[in-house]
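Trainee: Read left to right, the sequence shown gives residues 290 to 625 (the working numbering). Have a look at this one.
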Amino acid sequence: MSNKLVVNGEPSFGRFSQPVGEINYLDYSYHSVMDKPLSNWRKRLKFNQFQFVGMMNPELVCGVAIVDLKYVSNAFVYLYDFKRKKLTECSFLSPLALGTSMPLTPDAGAASYQKSGCQFAMIADVESGQRQIAVQADQIKIQAILYPGRGYQPLRVCSRAGYNGWSYTQKAAGMPVEGEIRLGDDVYRLSPDTAFGSSDWSAGYMRRETSWNWACLSGLTETGEKVGLNLAAGVNETGVTENGLWLNGRLIDLGLATFEFQRKDPMRTWRISTTDGNLDLIFEPEGVRKEKIDMWLVASNFKQMFGRYSGEVKSGRKSYRLNGVPGFAEDHFARW
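Shown next, in the form of structure tokens:
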């Protein structure tokens, strides 16, 4: 495919084994549901972007996000200490996405958010594939790098969204992490032997109202393989899915995902599996980061649980056991 996603006015759909250089959304021949062409300013207004990075080791789990919805932007960071069972979080909103910058290049450039009292940056290096995370928000300070390693295969997907939209997402999990997280006077060291991370780069003309479930983990199998997982249900399921398993950086496609949980009590045990029989996991939540935003044009009911995964994953005829691997499970409604 072209180095750009949109060619001759239309996005390329499917999974991509090679990097997509630019999400050139203004080249999209965007029409209303009544087939009226939309101007560039309306294209800009309707285009959404977000990035999320998760970092975890046996001691903690950390989440960092920058979200640009044009009407408003949001940045948040949280840290959960497994031993202390303590959650610390900071969240910020900016009208009209003031102080927010998002690149259109999934593998290069810097996403940033600045507001009085906080700074967020996610910097991607196209040569090495590394992602640098820098956060200063109240008492939380982060300096960390995610290392995919030679031969690592990200998951890249573009799928239809509603009648006239589309979504591009690029995911990676099970990447070693090095750096440190400071919480006041406490310092958490991230060593690439025990700390692993995930990244989510998503953009597009998404459904006006949408909801999804998402699962992600990063860590080690019982036999020491680096393992990562990304699963979703409710989004990116038209002709292609964003479901994948990483073993030592090698991407393995998975079937459709099934999430069994209790929405009114999401802190109870979840069961997550795939229709191809290659994944059957139990997720035990230990904490939750939740937020409700209702601003008329945009709204979000967000619940992101963090805890530990146990169970079995398969690649071909070989099975791998997971025992208490840290990760996330999410239930989210969005209007944007």
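In this text, a Cβ means the ideal position worked out from N, Cα and C, and glycines have one as well.
Three-state secondary structure (DSSP) at residue 329?
Mentor: Residue 329 sits at position 40 when you count from the first residue of the sequence shown. The answer is helix: DSSP assigns residue 329 an H, G or I state.
Trainee: Sorted by chain position, which residues of the same chain lie with C-beta nearer than 6 Å to residue 298's C-beta, five sequence neighbours on each side aside?
Mentor: The residue given as residue 298 occupies position 9 in the sequence shown. Around residue 298: 318.
Trainee: Which residues bound the beta strand (DSSP E) around residue 487?
Mentor: Translated into the one-based positions of the sequence shown, residue 487 becomes position 198. Residue 487 -> beta strand (DSSP E) spans 485 to 494.
Trainee: Distance, Cα to Cα, residue 456 vs residue 621?
Mentor: As a first step, residue 456 must be located in the sequence shown, where it is residue number 167. As a first step, residue 621 must be located in the sequence shown, where it is residue number 332. Going by the C-alpha atoms only, they are around 17 Å apart.
Trainee: Determine, using beta carbons only, whether residue 574 and residue 596 come nearer to each other than 8 Å.
Mentor: As a position in the sequence shown, residue 574 is number 285, starting the count at 1. As a position in the sequence shown, residue 596 is number 307, starting the count at 1. It is a contact, given that the beta carbons lie within the stated cut-off.
Trainee: If you measure between the beta carbons of residue 543 and residue 534, is that distance less than 8 Å?
Mentor: The residue labelled residue 543 in the question sits at position 254 within the sequence shown. The residue labelled residue 534 in the question sits at position 245 within the sequence shown. For residue 543 and residue 534, yes; Cβs fall inside 8 Å.
Trainee: Buried or exposed for residue 292, please, with buried defined as at least 16 other CB atoms from any protein chain shown within 10 angstroms of its CB.
Mentor: The count along the sequence shown starts at 1 and reaches residue 292 at position 3. Answer is exposed; the Cβ neighbour count stays below 16.
Trainee: Could you tell me if residue 363 is buried or exposed, where buried requires 16 or more neighbouring beta carbons within 10 angstroms of its beta carbon?
Mentor: What you label residue 363 is simply residue 74 of the sequence shown in a count that begins at 1. Residue 363 is buried by the Cβ-count criterion.
Trainee: Please report the distance separating the alpha-carbon of residue 602 from that of residue 404.
Mentor: Taking the first residue of the sequence shown as 1, we reach residue 602 at position 313. Taking the first residue of the sequence shown as 1, we reach residue 404 at position 115. About 42 Å.
Trainee: Residue 618: which of 555, 590, 584 and 567 sits nearest, CA to CA?
Mentor: The residue you call residue 618 lines up with position 329 of the sequence shown. Selected option, being the one with the closest Cα: 555.
Trainee: What first and last residue would you give for the beta strand (DSSP E) that runs through residue 405?
Mentor: As a first step, residue 405 must be located in the sequence shown, where it is residue number 116. Careful: residue 405 lies outside any beta strand (DSSP E) and carries neither H nor E.
Trainee: With 16 as the cutoff for other CB atoms within 10 Å, does residue 558 come out buried or exposed?
Mentor: The residue you call residue 558 lines up with position 269 of the sequence shown. Per the 10 Å Cβ criterion, exposed.
Trainee: Per DSSP, what are the beta-bridge partners of residue 507 in this structure?
Mentor: Numbered from 1 along the sequence shown, position 218 holds the residue referred to as residue 507. DSSP, once it has assigned bridges, lists 517 as partnering residue 507.
Trainee: Where does residue 569 fall in DSSP's three states?
Mentor: Taking the sequence shown and counting its residues from 1, one reaches residue 569 at position 280. DSSP places residue 569 in strand when its eight states are reduced to three.
Trainee: For the 8 Å Cβ check, are there 3 or more pairs between the segment 562 to 576 and the segment 447 to 467?
Mentor: The segment 562 to 576 is not in contact with the segment 447 to 467.
Trainee: Check whether the Cβ atoms of residue 463 and residue 529 lie closer than 8 Å to each other.
Mentor: By 1-based counting over the sequence shown, the position of residue 463 is 174. By 1-based counting over the sequence shown, the position of residue 529 is 240. Not in contact: residue 463 and residue 529 (Cβ atoms no closer than 8 Å).
Trainee: Within 10 angstroms of the Cβ of residue 420, are there 16 or more other Cβ atoms? Answer buried if so, exposed if not.
Mentor: Walking along the sequence shown from the start, residue 420 turns up at place 131. Under this definition residue 420 is a buried residue.
Trainee: How long is the line joining the alpha carbons of residue 359 and residue 466, rounded to whole angstroms?
Mentor: Sequence index remark: in the sequence shown, residue 359 carries index 70 (1-based). Sequence index remark: in the sequence shown, residue 466 carries index 177 (1-based). Each residue's Cα considered, the two are about 31 Å apart.
Trainee: The beta strand (DSSP E) with residue 525 in it runs from where to where?
Mentor: Counting from 1 along the sequence shown, the entry for residue 525 is found at position 236. It is not in any beta strand (DSSP E) - residue 525 carries neither H nor E in the DSSP assignment.
Trainee: According to DSSP, simplified to helix, strand and coil, what is residue 579?
Mentor: Residue 579 sits at position 290 when you count from the first residue of the sequence shown. Residue state, collapsed to three classes: strand.
Trainee: Could you give the distance in angstroms between the alpha-carbon of residue 335 and the alpha-carbon of residue 494?
Mentor: Counting from 1 along the sequence shown, the entry for residue 335 is found at position 46. Counting from 1 along the sequence shown, the entry for residue 494 is found at position 205. Rounded to whole angstroms, residue 335 to residue 494 spans 6 Å at the Cα level.
Trainee: Do residue 588 and residue 624 have their C-beta atoms closer together than 8 Å?
Mentor: The residue you call residue 588 lines up with position 299 of the sequence shown. The residue you call residue 624 lines up with position 335 of the sequence shown. Yes.
Trainee: Taking Cβ to Cβ, would you say residue 437 is nearer than 8 Å to residue 468?
Mentor: Within the sequence shown, numbered from 1, the residue matching residue 437 stands at position 148. Within the sequence shown, numbered from 1, the residue matching residue 468 stands at position 179. Taking 8 Å as the Cβ cut-off, residue 437 and residue 468 do not qualify as a contacting pair.
Trainee: What whole-angstrom Cβ distance do residue 429 and residue 472 have, given they're in contact under 8 Å?
Mentor: Counted from its first residue, the sequence shown places residue 429 at position 140. Counted from its first residue, the sequence shown places residue 472 at position 183. Their Cβ separation, rounded to whole angstroms, is 6 Å, which keeps residue 429 and residue 472 in contact under 8 Å.
Trainee: Using beta-carbon positions only, say whether residue 520 and residue 614 come within less than 8 Å of one another.
Mentor: In the sequence shown, residue 520 corresponds to position 231, counting from 1. In the sequence shown, residue 614 corresponds to position 325, counting from 1. Going by C-beta atoms, residue 520 is not nearer than 8 Å to residue 614.
Trainee: Can you name, in chain order, every residue of its own chain whose Cβ lies under 8 Å from the Cβ of residue 349, other than the five neighbours on each side?
Mentor: Here residue 349 is taken as the residue at index 60 of the sequence shown, counted from 1. Counting only Cβ-Cβ distances below 8 Å, and skipping sequence neighbours, we find 368, 369, 370, 371, 470 and 477.
Trainee: So for residue 334, helix, strand or coil by DSSP?
Mentor: Within the sequence shown, numbered from 1, the residue matching residue 334 stands at position 45. Residue state, collapsed to three classes: helix.
Trainee: What residue range is occupied by the uninterrupted beta strand (DSSP E) comprising residue 414?
Mentor: Taking the sequence shown and counting its residues from 1, one reaches residue 414 at position 125. That residue, residue 414, is in no beta strand (DSSP E); it is neither H nor E in DSSP.
Trainee: Buried or exposed for residue 608, please, with buried defined as at least 16 other CB atoms from any protein chain shown within 10 angstroms of its CB.
Mentor: Here residue 608 is taken as the residue at index 319 of the sequence shown, counted from 1. Per the 10 Å Cβ criterion, exposed.
Trainee: With C-beta atoms as the reference, is residue 442 less than 8 Å away from residue 294?
Mentor: Position 153 of the sequence shown, counting from 1, holds the residue named residue 442. Position 5 of the sequence shown, counting from 1, holds the residue named residue 294. No. Outside cutoff.
Trainee: Since residue 342 and residue 412 should fall inside the 8 Å C-beta cutoff, what is the C-beta to C-beta distance between them, to a whole number of angstroms?
Mentor: Along the sequence shown, one-based indexing puts residue 342 at 53. Along the sequence shown, one-based indexing puts residue 412 at 123. In fact, because the Cβ distance is near 11 Å, the residues do not count as touching under 8 Å.
Trainee: Do residue 491 and residue 339 count as a contact pair if the criterion is CB distance below 8 Å?
Mentor: Your numbering for residue 339 matches position 50 in the sequence shown. Your numbering for residue 491 matches position 202 in the sequence shown. Yes. Within cutoff.
Trainee: Using the Cβ count rule (16 or more neighbours within 10 Å means buried), how would you classify residue 290?
Mentor: By 1-based counting over the sequence shown, the position of residue 290 is 1. Confidence is the limiting factor: at residue 290 the pLDDT is only 45, short of 50, which leaves the residue's position unreliable and the question unanswerable from this model.
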